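For the sequence shown, the positions run 2 to 342 when this note's numbering is used.
All residues carry an ideal CB built from backbone N, CA and C; glycine is no exception.
Please read all numbers here as calculations on a predicted model, not as lab measurements.
Some notes on the structure that comes next.
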Amino acid sequence: MEKKNLDWQNLGFGYVTTDKRFVANYKDGKWDEGALTEDPNIVMNECAGVLQYAQTCFEGLKAYTTKSGHIVTFRPDLNADRLISSCKRLEMPVFPKEKFIDAVSAVVAANEAWVPPFGSGATLYIRPYIFGINPVIGVKPADEYQFRIFATPVGPYFKGGAKPLTIKVSDFDRAAPKGTGNIKAGANYAMSLHAIVTAHQEGFDENMYLDPATRTKVEETGGANFLFVTKDNKVVTPKSDSILPSITRRSLMVVAKEYLGLEVEEREVYFDEVKDFAECGLCGTAAVISPVGKIVDHGKEICLPSGMDSMGPVTKKLYDTLTGIQMGEIEAPKGWIHVIK
Ligand code: PLP
Ligand code: COI
């Protein structure tokens, strides 16, 4: 298989139209078989549910070329489960788990030429999503839906790769206490756009959102969960009902405990404690683990002891072990790696 002639080492996190995508339609109470198509465009009615009331949710996962030349995905079963939770919360029909995993594999296999080579630092980002497609004008769920998956080769989510980020404590909320923060609803991202544009204009890379009820606890950023490392090397991650259950974060907690022998804690993290941590990272499919060097709370700077030049030592070990597992250099826990080819 001849690979596309891309500058793999210098890819950013952007959309590139690849060869094939998967489309399935839900009508009269059931999903059709679905198929791969070459057409990246969607034609829908002007009153489609997704356009009027944002009835849409999505997933994000990656395909990797391993050291031995296989193409694999990482824990796609957990993306299937999370999409099911998102659909239930948004009154959308669920897409069956086995079919989800098969469709992801079909899209990756059909775009094999776009899967970045081992060692390039790039990966194939896979974006499954479901949206209401028939006309809806009264506020209610759609009756017809489309499920699609496209794939696009990507490099690091944050420009500068492993360079520590500067983030600000946001004055905006990302999620309500009993809202949709724990699912991957498109609407969560729509409402974070003003906050991220504002943060970028002020020179920050991302926002730290606090819990919307008391604004005393750390939640997450617009696109990643937090991991902190204490000065005695304990890995701590915030627990909250209004953050997305990150697959990367859940995996890293296993890596920290089982591979690195570190103590791990998932618990409420008060913002007041942040100044005492040794390291901080943002974790997610797109972010992998991106180190944070500085957190700014209304002009007050918290400088993590790991500094602004490189990842802290524990973050680096977590990063190397997780990516080693994903790229087939380190043996994975059972069921984590789904081999496509
Ligand atoms: N939190 C938010 C808000 C996200 O958008 C993402 C990205 O998917 C994550 C966390 C990380 O989740 P995962 O590790 O499953 O990609
Ligand atoms: C992902 O990491 O897959 C996400 O969906 C985050 C998004 C900000 C790109």
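(message) DSSP has ASN226 in a bridge; who is on the other side?
(response) Per DSSP, the beta bridge partners of ASN226 are GLU221, CYS284.
(request) May I ask you to verify whether the segment 300-311 touches the segment 178-191, counting CB pairs closer than 8 Å and requiring at least 3? (result) These segments do not touch.
(request) Go ahead and pull the three-state DSSP assignment for TYR65. (result) In this structure, TYR65 counts as strand in the three-state DSSP scheme.
(request) For my contact list, LYS4 and ALA111 are in at a C-beta cut-off of 8 Å; report their separation, rounded to the angstrom. (result) Under the criterion of beta carbons closer than 8 Å, LYS4 and ALA111 do not qualify as touching, at roughly 14 Å.
(request) Quick one: residues in its chain with C-beta nearer than 6 Å to the C-beta of LEU84, no 5 flanking neighbours on either side, listed in chain order? (result) If we look at LEU84 and ignore the five residues flanking it on each side, its Cβ neighbours are GLU60.
(message) Taking a contact to mean a Cβ-Cβ separation below 7 Å, would you say ILE1 touches VAL293 in this structure?
(response) Within the shown structure, residues of the chain are numbered from 2 to 342, placing residue 1 beyond reach of any answer.
(request) Give me the Cα-Cα distance between MET328 and LYS218, rounded to the nearest whole angstrom. (result) Approximately 35 Å between the Cα atoms of the pair.
(message) Check this for me: beta carbons of LYS301 and GLU264, under 7 Å apart or not?
(response) No; because the gap between Cβ atoms is not below 7 Å, this pair is not in contact.
(request) Collect the residues with a C-beta less than 5 Å away from any heavy atom of the ligand COI and give them in sequence order along the chain. (result) Residues close to the ligand COI by the beta carbon criterion (under 5 Å to any non-hydrogen atom) are, from first to last along the chain, GLY61, GLY224, GLY285, THR286, ALA287.
(message) Any heavy atom of the ligand PLP inside 6 Å of the beta-carbon of GLU221?
(response) Under cutoff, so the answer is yes.
(request) Have a look at the DSSP bridge pairing and note the partners of GLU207. (result) In the DSSP assignment, the residues bridged to GLU207 are ILE168.
(request) Tell whether a beta-carbon distance below 7 Å holds between ARG250 and CYS284. (result) Cβ atoms of ARG250 and CYS284: closer than 7 Å.
(message) I'd like to know if the segment 22-39 and the segment 48-55 are in contact, where contact means that at least 3 CB-CB pairs between them fall below 8 Å.
(response) Touching, no.
(message) So for PHE272, helix, strand or coil by DSSP?
(response) Helix, per DSSP.
(message) Nearest by alpha-carbon distance to VAL24: which of CYS58, GLY15, VAL108 is it?
(response) It is VAL108.
(message) How far does the alpha helix (DSSP H) with PHE101 in it extend, from its first residue to its last?
(response) Start and end: 98-111.
(message) Tell me the DSSP secondary structure of GLU26 in three-state form.
(response) In the sequence as presented, Glu is not what sits at residue 26; that position holds Asn. Three-state DSSP puts ASN26 in a strand.
(request) With hydrogens ignored, establish whether the beta-carbon of SER171 is closer than 6 Å to any heavy atom of the ligand PLP. (result) Answer for SER171: no, Cβ out of range of the ligand PLP.
(request) If I'm right that LYS179 touches LEU125 with Cβ under 8 Å, what's the distance once you round it to whole angstroms? (result) Not confirmed; about 36 Å, so no contact.
(request) Ignore the nearest five residues each way along the sequence and tell me which others in LYS28's own chain have a CB closer than 6 Å to its CB. (result) Excluding positions up to five away in sequence, the list reads GLU145.
(message) Let me check you understand the geometry: is the CB of THR238 closer than 6 Å to at least one non-hydrogen atom of the ligand PLP?
(response) No.
(message) Tell me which residue opens and which closes the alpha helix (DSSP H) that ASP212 is part of.
(response) No alpha helix (DSSP H) holds ASP212; DSSP gives it neither H nor E.
(request) Rank VAL256, LEU194, ALA143 by C-alpha distance to the C-alpha of GLN56 and give the top, closest one. (result) Proximity to GLN56 across VAL256, LEU194, ALA143 peaks at ALA143, based on C-alpha coordinates.
(request) Identify whether HIS201 lies in helix, strand or coil by the three-state DSSP scheme. (result) Correct three-state label for HIS201: helix.
(request) Taking all protein chains shown into account, decide if THR322 is buried (16 or more other Cβ within 10 angstroms of its Cβ) or exposed. (result) That one is buried.
(request) Rank ASN42, MET254, ASP78, GLY204 by C-alpha distance to the C-alpha of VAL340 and give the top, closest one. (result) Ranked by how close their Cα comes to the Cα of VAL340, the residues ASN42, MET254, ASP78, GLY204 have ASP78 in first place.
(request) Could you spell out where the beta strand (DSSP E) holding SER291 opens and where it closes? (result) Per DSSP, SER291 belongs to the beta strand (DSSP E) from 289-298.
(message) Please determine whether the Cβ atom of ILE248 lies at a distance below 6 Å from any heavy atom of the ligand PLP.
(response) Under cutoff, so the answer is yes.
(request) Answer with buried or exposed for ALA214, where buried requires no fewer than 16 other C-beta atoms within 10 angstroms of its C-beta. (result) ALA214 is exposed by the Cβ-count criterion.
(message) At the level of alpha carbons, what is the spacing between SER121 and GLY15?
(response) Here the alpha carbon of SER121 sits roughly 16 Å from the alpha carbon of GLY15.
(request) Return the CA-CA distance between MET2 and ALA287, expressed in angstroms with no decimal places. (result) Distance between MET2 and ALA287, taken at the CA atoms: about 26 Å.
(request) Specify the secondary structure class of THR322 as computed by DSSP and reduced to three states. (result) THR322: helix per DSSP, three-state reduction.
(message) Considering Cα atoms alone, identify which of THR18, GLU203, HIS71, PHE278 is closest to THR238.
(response) Nearest option by C-alpha distance: PHE278.
(request) Drop a sphere of 10 angstroms on the beta-carbon of LEU194, count the other beta-carbons inside from all chains shown, and report buried for 16 or more, exposed for fewer. (result) For LEU194, the number of other beta carbons within 10 angstroms of its own is below 16, and it is reported as exposed.
(message) Quick check on DSSP: helix, strand or coil for PRO334?
(response) It is coil, neither helix nor strand.
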